[in-house]
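>
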Amino acid sequence: KTPGGNYADILNAIAHLVSELATTPDMPLGIGIPGSISPATGRVRNSNILALNQKLLSNDLEKTLGRPVRVANDANCFTISESTDGAGKNANSVFGVILGTGVGGGISINSQILEGQNAIAGEWGHNPLPIITSNFSERRCYCGRINCIESWLSGPGLSKTYRGLSKKDLTAEHIVKLYEAGEEDATKTLSAFFDQLASALSVVTNILDPDIIVLGGGLSNIKGLYVEVPYRLEKQVFSDHFRTKIVKAKHGDSSGVRGAAWLW
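At position 183 of the sequence shown (counting the first as 1) the number is 189 in the numbering used here, and the numbers step up by one without a gap.
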């Protein structure tokens, strides 16, 4: 497990991994991180690994490792992988989604990542969730905003929803197992999750209208998601028929790492 609270420990952990895995001393390194790199300063920003924020990560790693380093948003790395030879290989436009500890997104057009003028293209995780039912209270995200999509559709967000219904503090993995077993509060939690995910993706679809939406991260493995979400999403998209495919990542948990390698 990579340390999250101390920047020096993070650099040392990466250096240790590289020393174990690198086959040549000058092999370049690609790294995907939650958050993005500011085009103005070159510093990390908006990361839920707070120790990385405002750090010159690529520069510091190059000094520590003595090799070239490129750093990119982890959802962009995931999308590079899936649009190049994954689930979105033959699509002209791909919206890649990570649903895990955090929520991220990336956009690929003709197998090229769209970064945008501010290097935040696809960063839907910190848009406000379009729908909050009266059954749930507002949530403040670590970024300071209220009701960010990440606050609801991440693993910790799912746990909060379940806790609000059951008064029990369980992991997302445990809640999903209860849902699959038909437990009432878990079923209500996942029904809300499917509604919220469909609502969040409807905004992306109405603006970007991608050929395919590829899901990754631990919550992309939920049984029923690929039936429930398209059904609910079709009702919210401004079209007479919803044709966009919503599919699971071909390369699973390896996709982000594969995309980071393609930074070179």
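Glycine included, every Cβ here is placed at the ideal spot set by N, Cα and C.
For the beta strand (DSSP E) that Asn79 lies in, which residues bound it at each end?
Val75 to Asn79
> Anyone know if the C-beta pair for Ala78 and Gly131 falls short of 9 Å?
no
> Which same chain residues, not among the five before or five after Ala97, have their C-beta less than 6 Å away from its C-beta?
Answer for Ala97: Asp217 and Ile218, listed in chain order.
> When DSSP builds the beta bridges, which residues end up paired with Ile1?
Since the displayed the chain opens at 7 and closes at 270, residue 1 lies outside it and no answer follows.
> Are Asp175 and Ser160 touching if we call contact CB-CB under 9 Å?
no
> What does the alpha-carbon distance come out to for the pair Ala204 and Ile138?
13 Å
> Which residue or residues does DSSP assign as beta-bridge partners of Phe84?
None, per the DSSP bridge assignment.
> The alpha helix (DSSP H) with Lys183 in it runs from where to where?
Where Lys183 is concerned, the enclosing alpha helix (DSSP H) stretches over Ala178 to Glu186.
> Given this structure, state the Cα-to-Cα distance separating Phe84 from Leu231, to the nearest angstrom.
About 20 Å.
> Excluding the five sequence neighbours on either side, which residues of its own chain have a C-beta within less than 7 Å of the C-beta of Ser261, listed in chain order?
Phe84, Ser87, Glu88, Gly92, Gly222 and Ala255
> In angstroms with no decimal places, state the Cα-to-Cα distance between Gly48 and Val209.
Distance between the alpha carbons of Gly48 and Val209: 30 Å.
> Who are the Cβ neighbours of Trp158 in its own chain at under 6 Å, not counting the five residues just before and after it?
Leu135 and Gln202
> Residues in the same chain with beta-carbon distance under 8 Å from Val235, minus the five sequence neighbours each way, listed in chain order, please.
Phe200, Leu203, Ala204, Leu207 and Ile252
> Where DSSP assigns a beta bridge to Gln118, which residues make up the other side?
Ile115
> So what does DSSP say about Ser99, is it helix, strand or coil?
strand
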